[in-house]
Structure formats: C-alpha cells, structure tokens
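S.K.: Residue numbering for the sequence shown follows our numbering, starting at 1296 and increasing by one per position.
Positions of the beta carbon are idealized from the N, C-alpha and C atoms, including for glycine.
Source: prediction; values computed, not measured.
I'd like to ask some things about the structure below.
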Amino acid sequence: MDTQFGKPFAHTLVKSGWKKRSVFLELPYWKSLYVRHFLDVMHIEKNVFESVIGTLLNIQGKSKDGLKARKDLIAMGIRTELGPLKKGKRTYLPPAAYTLSRKEKKTLCKFLSEVKVPEGYSLDIRRLVSMKDLKLKSLKTHDCHVIMEHFLPIVR
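In structure tokens, the structure reads:
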C-alpha cells in the first residue's frame, strides 16, 4: 500500500520567476548593453507633472507651449486660432483653453497653500507655493505625485 499524506501539487513549478517575457529582450542591442534600461516611474511622473503645471500656469521656461509649438500647429493645419499674432514689433500668443487665467491660478495656488496633510504624508506643500509669483517651486518627486494624483483632481 502506497500512502501519500497532504495534498498533491495543483500546478507545475515554473523554472523562472517571471510570468511575462519583457519586450526589452526583443531589442537587437539588448545583449550588448552593460547596463540594462532602468525606468524610474516616479521621476517620469515628476517630469510629466512639471510639464503639465508649467503649461497650465504658463511658467516661462517650463511650458511646452511656445512660439515654435504654435508655428507647428499652423504648419500642420490644426488649431489655427492658436497661431501667433503679430502686433507691431511683437509676436503675441493667444491664450489656449488649457492655460489658466490669473483668477484660476490664484484659486489653484490658494488651495495648495491652505491644504493640510497628516505628518509624514508629504512635505509641507504650503511652503512650496508662491502666491506672489503664482507658481510652485522646489518640489520633490513624491510631492509631485501627491499633488498630481490627489489634489489636482479636486481643485475647481
């Protein structure tokens, strides 16, 4: 009589710990790399956040919405109403629907300057908001994450 105690394995063991084959392995140069690709999601999110906030608040040097971008829109034949306008010797960029007015900027900055969070949740965001310039300064990656994921959806 052959008696086995316990339950038998319901599934077979997998040789490797990976369930899905990475698409990076299909790159032709993958085998010759000394350092494999390392994508830091938090830093990518910070870059996206800075680009979005720079465009919303129209921060000089941080916005991706400039003269070249507007000229590209004209060249592609889309959103021609956003094209640069000549007024005398200066070029004027009409405000787009996605840029905030001064009143909306004040509302956003006021909200962020008055927000209270539990200790250890994030830095004191109130210290990082400039009501004078209506912009954010010196944000860390986690603060960008907290603002983008938790606070921006509720600002009205």
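Taking the beta strand (DSSP E) that residue 1385 falls in, what are its first and last residues?
M.R.: Here residue 1385 refers to the residue found at position 90 of the sequence shown. Counting along the chain, the beta strand (DSSP E) containing residue 1385 begins and ends at 1385-1387.
S.K.: Starting from residue 1381, follow the beta strand (DSSP E) in both directions and report where the run begins and ends.
M.R.: Here residue 1381 refers to the residue found at position 86 of the sequence shown. Where residue 1381 is concerned, the enclosing beta strand (DSSP E) stretches over 1380-1382.
S.K.: Across which residues does DSSP place residue 1431 in a beta bridge pair?
M.R.: The residue you call residue 1431 lines up with position 136 of the sequence shown. According to DSSP, residue 1431 bridges with 1424.
S.K.: Relative to the alpha-carbon of residue 1358, which residue among 1394, 1416, 1429 has its alpha-carbon at the smallest distance?
M.R.: By one-based count along the sequence shown, residue 1358 stands at place 63. Nearest C-alpha to residue 1358: 1394.
S.K.: Which value, in whole angstroms, describes the spacing of the CA atoms of residue 1438 and residue 1417?
M.R.: Start at 1 with the first residue of the sequence shown, and residue 1438 comes out as number 143. Start at 1 with the first residue of the sequence shown, and residue 1417 comes out as number 122. Looking at the two C-alpha atoms, the distance is approximately 6 Å.
S.K.: Just to confirm, is the Cβ distance from residue 1362 to residue 1378 under 8 Å?
M.R.: Here residue 1362 is taken as the residue at index 67 of the sequence shown, counted from 1. Here residue 1378 is taken as the residue at index 83 of the sequence shown, counted from 1. In this structure, residue 1378 does not lie closer than 8 Å to residue 1362 by Cβ.
S.K.: For residue 1397, does the three-state DSSP call read helix, strand or coil?
M.R.: Position 102 of the sequence shown, counted from the start, is the residue given in the question as residue 1397. Three-state result, residue 1397: helix.
S.K.: By alpha-carbon positions, which one of 1329, 1342, 1390, 1325 ends up nearest to residue 1443?
M.R.: Position 148 of the sequence shown, counted from the first residue, corresponds to residue 1443. Of the listed residues, the one whose Cα sits closest to residue 1443 is 1342.
S.K.: With respect to the alpha helix (DSSP H) encompassing residue 1391, which residues constitute its N-terminal and C-terminal limits?
M.R.: On the sequence shown, position 96 is the one that residue 1391 refers to. First-last for residue 1391: undefined, no H or E at that position.
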